[in-house]
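Residue numbers (the numbering used here): 153 to 322.
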Amino acid sequence: MDNTGKIISFPQDSVILKEGEINIDMYKILQGNVELYTGYGTDQEVLLGIIGPQSCFGEFGLLLHQPAIYTVVAYTDVYAMRVSEGEMGDFVQQNHKNIIDIMRNMARMMMLMQHQIDLLSEDVKTAEKDIQDIVKRTQRNIRNYAVYNPKDPWYDKRGKMHFLNRPDLP
153 MDNTGKIISF PQDSVILKEG EINIDMYKIL QGNVELYTGY GTDQEVLLGI
203 IGPQSCFGEF GLLLHQPAIY TVVAYTDVYA MRVSEGEMGD FVQQNHKNII
253 DIMRNMARMM MLMQHQIDLL SEDVKTAEKD IQDIVKRTQR NIRNYAVYNP
303 KDPWYDKRGK MHFLNRPDLP
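Printed below as a string of structure tokens:
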């Protein structure tokens, strides 16, 4: 059955659009709300936002023929109009105000993605600093401790490592 341009209902909690899958249809929400996620269902799941009536989603697939960059889940029961590529011209003429909404939505998504990239970059910098600190501490510990060696004058009679206490070491 061709659902193009028809009203489609999605029950609450249903996955409407899945990140990574190609879907070349766009949807305009007429009633209800949807959640937008990246990493949906994984331990990296991030809720990007919730959108409602008059908002559109799926425009990336429709316009770019690329896999979806987020997953869309019905937060409530949703009624949406499905718009296919062939109907886009008519949709634009009949819903010219929605083009601004689509552009705002895309800009908002880009800002959210940039925010996520910034947070990830901060996490990577923190992790790199932590790793550098661990390497420096390990180097210091290797310099400050000697491994069991019975011929070494610093030999611990219990057969354990011990502090060298050398002032020339950091």
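Idealized CB from N, CA, C, for every residue including glycine. Bear in mind the structure is a predicted one, so any value in this text is a computation, not a measurement.
Can you tell me where the alpha helix (DSSP H) with residue i in it begins and where it stops?
i      : result
Gln164 : From DSSP, Gln164 is part of no alpha helix (DSSP H); its letter is neither H nor E.
Gly213 : 211-216
Gln245 : 240-246
Excluding five sequence neighbours on each side, which residues of the same chain lie with their C-beta closer than 7 Å to the C-beta of residue i?
i      : result
Asp165 : Val225, Ala226
Asn175 : Leu169, Gly210, Gly213, Ala220
Pro205 : Ile181, Leu182, Gln183
Pro323 : Examination of residue 323 is not possible in this model, given that the chain is present from 153 through 322 alone.
Lys158 : Arg234
Ser207 : Ile181, Asp253, Asn257
Gly191 : Glu197, Val198
Going by beta carbon distance, what residues of the same chain come within less than 8 Å of residue i, once the five residues before and after it are set aside?
i      : result
Leu199 : Glu187, Leu188, Tyr189
Asn247 : Lys180
Asp270 : none
Ile160 : Tyr179, Tyr231, Ala232, Met233, Arg234
Gln218 : Ile174, Phe212
Quick one: what's got a C-beta closer than 6 Å to residue i's C-beta in the same chain, skipping five residues either side?
i      : result
Phe243 : Val235
Round the Cβ separation of residue i and residue j to the nearest angstrom and send it over; I've been treating them as touching at under 8 Å.
i      : j      : result
Val167 : Thr223 : 6 Å
Start and end of the beta strand (DSSP E) containing residue i?
i      : result
Gly191 : Gly191 -> no beta strand (DSSP E), and no H or E assigned at all.
Thr223 : 223-226
Does the region 174-185 come close enough to the region 225-236 that 3 or more CB-CB pairs lie under 8 Å?
Cβ pair count under 8 Å is three or more, so yes.
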